[in-house]
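Novice: At position 50 of the sequence shown (counting the first as 1) the number is 50 in UniProt numbering, and the numbers step up by one without a gap.
Think of the CB as a built atom: it goes at the ideal place given N, C-alpha and C, for glycine as much as any other residue.
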Amino acid sequence: MGSERTDELYQVLLEKEYPEKFCREVAYKYMNTDYTATRMLGYLYRVTDPRIEDLVDEMLAILTDRQQIIQKKEMEQAQAVINDIYENGL
Numbered sequence: 001m002g003s004e005r006t007d008e009l010y011q012v013l014l015e016k017e018y019p020e021k022f023c024r025e026v027a028y029k030y031m032n033t034d035y036t037a038t039r040m041l042g043y044l045y046r047v048t049d050p051r052i053e054d055l056v057d058e059m060l061a062i063l064t065d066r067q068q069i070i071q072k073k074e075m076e077q078a079q080a081v082i083n084d085i086y087e088n089g090l
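(1) How would you call residue 75, buried or exposed, if buried means at least 16 neighbouring beta carbons within 10 angstroms?
(2) Residue 13: buried (16+ other C-beta within 10 angstroms of its C-beta) or exposed?
(3) Can you look up residue 31 in the DSSP assignment and give me helix, strand or coil?
(4) Residue 48 lies in the alpha helix (DSSP H); which residues open and close that run?
(5) Taking the alpha-carbon positions, what's the residue 3 to residue 15 distance?
(6) Tell me, please, whether the segment 67 to 87 touches the segment 42 to 51 by the rule of three or more beta-carbon pairs shorter than 8 angstroms.
(7) What residue range is occupied by the uninterrupted alpha helix (DSSP H) comprising residue 21?
(8) If you count every other CB in all the chains shown that lies within 10 Å of the CB of residue 45, and 16 or more means buried, which is it?
(9) State the Cα-Cα distance for the pair residue 96 and residue 63, rounded to the nearest angstrom.
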C-alpha cells in the first residue's frame with residue numbers, strides 16, 4: 001500500500017494495539033514519506049507505550065519540522081536564483 005517504512009510504521013502501530021483505523025490514518029495519510037515514517041518509528045522505539053494523544057502530538061511535531069525543512073529549501077533555491085540574477089543579469 002505504501003513505502004516499506006510506511007508499511008513498517010503501520011505494523012508497529014498495530015502491534016502496540018492502537019485502533020486499526022487510527023493506524024491506517026497515521027501511517028498512510030500523515031506519515032506517508034520515508035522521512036516522516038522513520039521519525040515516527042524512532043519515537044515509537046524510544047517510548048514504550050505512548051498515549052494516543054502523545055502519539056498525535058509527536059506526529060504533528062514531525063509534520064511541522066518537515067514543513068519547515070521544505071520552506072527552507074524553497075527559500076534557498078529562490079535566493080540562489082536571485083544571486084544568479086545579481087551576478088549575471090537577466
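Specialist: Quick answer:
(1) Burial call: exposed.
(2) By the beta-carbon neighbour count (other beta carbons within 10 angstroms, threshold 16), residue 13 is buried.
(3) Residue 31: coil per DSSP, three-state reduction.
(4) Note, residue 48: premise wrong, no alpha helix (DSSP H); not H, not E.
(5) Their backbone Cα atoms lie some 18 angstroms apart in a straight line.
(6) These segments do not touch.
(7) The continuous alpha helix (DSSP H) containing residue 21 extends over residues 20 to 24.
(8) Exposed, because fewer than 16 other Cβ atoms sit within 10 Å of the Cβ of residue 45.
(9) The first residue shown for the chain is 1 and the last is 90, placing residue 96 beyond what the model contains.
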